[in-house]
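Here the structure is laid out as structure tokens; the discussion comes afterwards.
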Amino acid sequence: MSVEPYPRTASAHKCKAEILQPSASESKGVIVKIPVLLQKVKVEIPVHSKISFPKGEEVLEINEINKHLYLTQCRLVYRDGASEGHLFIAGFVRKNIQYAANPTEKCKEVRSAIRSLTAEVPFECVAQIDGFIVSPIGPSTNSKEEFSYSLEQQKKGFSEKDQLLGNDRSHIQQVSTEYFNELPYCELVKAEILEIDELITRNVLKEERSSDEKKEFTVEVVLQESLECEDQDKGHGGKSARDIELHNLSEKSFSELSEILTEEIMEYEKKCDKEKKHKKPHPLVISDLSEKMIIDITLNLLQSQQVRLG
Numbered sequence: 003m004s005v006e007p008y009p010r011t012a013s014a015h016k017c018k019a020e021i022l023q024p025s026a027s028e029s030k031g032v033i034v035k036i037p038v039l040l041q042k043v044k045v046e047i048p049v050h051s052k053i054s055f056p057k058g059e060e061v062l063e064i065n066e067i068n069k070h071l072y073l074t075q076c077r078l079v080y081r082d083g084a085s086e087g088h089l090f091i092a093g094f095v096r097k098n099i100q101y102a103a104n105p106t107e108k109c110k111e112v113r114s115a116i117r118s119l120t121a122e123v124p125f126e127c128v129a130q131i132d133g134f135i136v137s138p139i140g141p142s143t144n145s146k147e148e149f150s151y152s153l154e155q156q157k158k159g160f161s162e163k164d165q166l167l168g169n170d171r172s173h174i175q176q177v178s179t180e181y182f183n184e185l186p187y188c189e190l191v192k193a194e195i196l197e198i199d200e201l202i203t204r205n206v207l208k209e210e211r212s213s214d215e216k217k218e219f220t221v222e223v224v225l226q227e228s229l230e231c232e233d234q235d236k237g238h239g240g241k242s243a244r245d246i247e248l249h250n251l252s253e254k255s256f257s258e259l260s261e262i263l264t265e266e267i268m269e270y271e272k273k274c275d276k277e278k279k280h281k282k283p284h285p286l287v288i289s290d291l292s293e294k295m296i297i298d299i300t301l302n303l304l305q306s307q308q309v310r311l312g
């Protein structure tokens, strides 16, 4: 499955190749054509990339990152009889990122949906191979040679004793040689990835951004006199508790009512300040992921050769 990658930078163009000691088993027998180990190397590739999350999504945190390495090119370039060569490597790291998206705060909890993003981080480099365990065979170059036969013929307009000597150009004779060289190839043995991911472009949730709050209280006090009495509330002269409260308020002056209202407003503000102090810090969201990777790839360089065993 091919995934359209997100904008990012690629790796450096030069990398380091370390020669490793291979292990082999002894055999006896006849001449066989088998893959021969030319060299075992470990290539170190530094990669710096930036992955942007889809537009419209706010990422709260990264839950898990899974990585898989793939090679798209591994080509050994060398000269015939040379003791060294250059290894061209290209590929990508497919990353699956699981993250919490679009967080919302409700009932003192931060809720989000778990989503995933798959991106391919490309890399390429050229590593110098300083030596071979077994020298690669070839490449032998193709050749083409022409030959012709001499021809004696009578030329019109000349004496019969005169002959035209030369090569016969009415025929074309060629000897062409084409070699089908065995192409060296790579075999993946192991891949190690040392990675540092950094979450960048942090923002505070829109719902949680601070703002100045203005409150306006409108209080309408209605003073009335109860004309009817409840028979069941006989402990207060036949008046209900609500009638008694309204009666007490009606006996107070405007300044006293203003003081009561001021006390209630102050209690409300103290309650709001107390809730703000106990409120959790505002959650932050991200939109980009910057990563630095050191990729160590262990490779076997092979070529099919005829070998006498024993």
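Read in our numbering, the sequence shown has 159 at position 157, and its numbers run on one by one without any break. From the three backbone atoms N, C-alpha and C, an ideal C-beta is built for every residue, glycine too. Treat the numbers as computed from the prediction; the structure is a model and nothing was measured.
Distance between residue j and residue i (C-alpha atoms, nearest Å)
{"i": "SER289", "j": "VAL191", "result": "36 Å"}
{"i": "SER260", "j": "GLU271", "result": "17 Å"}
{"i": "SER257", "j": "GLU269", "result": "19 Å"}
{"i": "TYR80", "j": "GLU180", "result": "19 Å"}
{"i": "ASP132", "j": "PHE182", "result": "26 Å"}
{"i": "ASP233", "j": "ILE267", "result": "Only weak support exists for where ASP233 lies, its pLDDT of 48 falling under 50; the value from the coordinates is given anyway. Each residue's alpha carbon lies about 36 Å from the other."}
{"i": "GLN307", "j": "SER145", "result": "22 Å"}
{"i": "LYS157", "j": "ASN169", "result": "14 Å"}
{"i": "GLU60", "j": "GLU111", "result": "17 Å"}
{"i": "GLY58", "j": "MET295", "result": "28 Å"}
Cβ pair residue i, residue j closer than 8 Å
{"i": "GLU184", "j": "ILE135", "result": "no"}
{"i": "GLU154", "j": "LEU167", "result": "yes"}
{"i": "GLU126", "j": "ALA84", "result": "no"}
{"i": "VAL49", "j": "ILE299", "result": "no"}
{"i": "VAL123", "j": "LEU301", "result": "no"}
{"i": "ASN65", "j": "ALA102", "result": "yes"}
{"i": "LEU22", "j": "VAL43", "result": "yes"}
{"i": "LEU119", "j": "ILE99", "result": "yes"}
{"i": "LEU263", "j": "ASP199", "result": "no"}
Whole-Å CB distance - residue i paired with residue j, under 8 Å assumed
{"i": "LEU304", "j": "LEU39", "result": "6 Å"}
{"i": "PRO105", "j": "ARG113", "result": "7 Å"}
Assigned exposure category for residue i - 16 Cβ within 10 Å defines buried
{"i": "ALA19", "result": "buried"}
{"i": "GLU194", "result": "exposed"}
{"i": "PHE90", "result": "exposed"}
{"i": "ILE53", "result": "buried"}
{"i": "LYS97", "result": "buried"}
{"i": "CYS17", "result": "buried"}
Nearest candidate by alpha-carbon position, reference residue i, set the options
{"i": "LEU78", "options": "SER292, LYS57, LEU291 and TYR187", "result": "TYR187"}
{"i": "VAL309", "options": "VAL95, ARG117, ILE36 and GLN23", "result": "ILE36"}
{"i": "HIS173", "options": "SER150, GLU194, LYS157 and GLN165", "result": "SER150"}
{"i": "GLY347", "options": "GLN23, LEU263 and ALA129", "result": "This structure cannot speak to residue 347, because the chain is shown only from 3 to 312."}
{"i": "GLU293", "options": "LEU263, LEU62, VAL95 and SER145", "result": "VAL95"}
{"i": "GLN41", "options": "GLU189, PRO141 and ILE202", "result": "GLU189"}
{"i": "ILE202", "options": "LYS16, LYS273, PHE55 and CYS17", "result": "PHE55"}
{"i": "GLN165", "options": "GLU107, LYS16 and SER152", "result": "SER152"}
{"i": "SER178", "options": "ASP82, LYS57, GLU107 and THR143", "result": "THR143"}
{"i": "GLU197", "options": "PRO141, VAL287 and SER51", "result": "SER51"}
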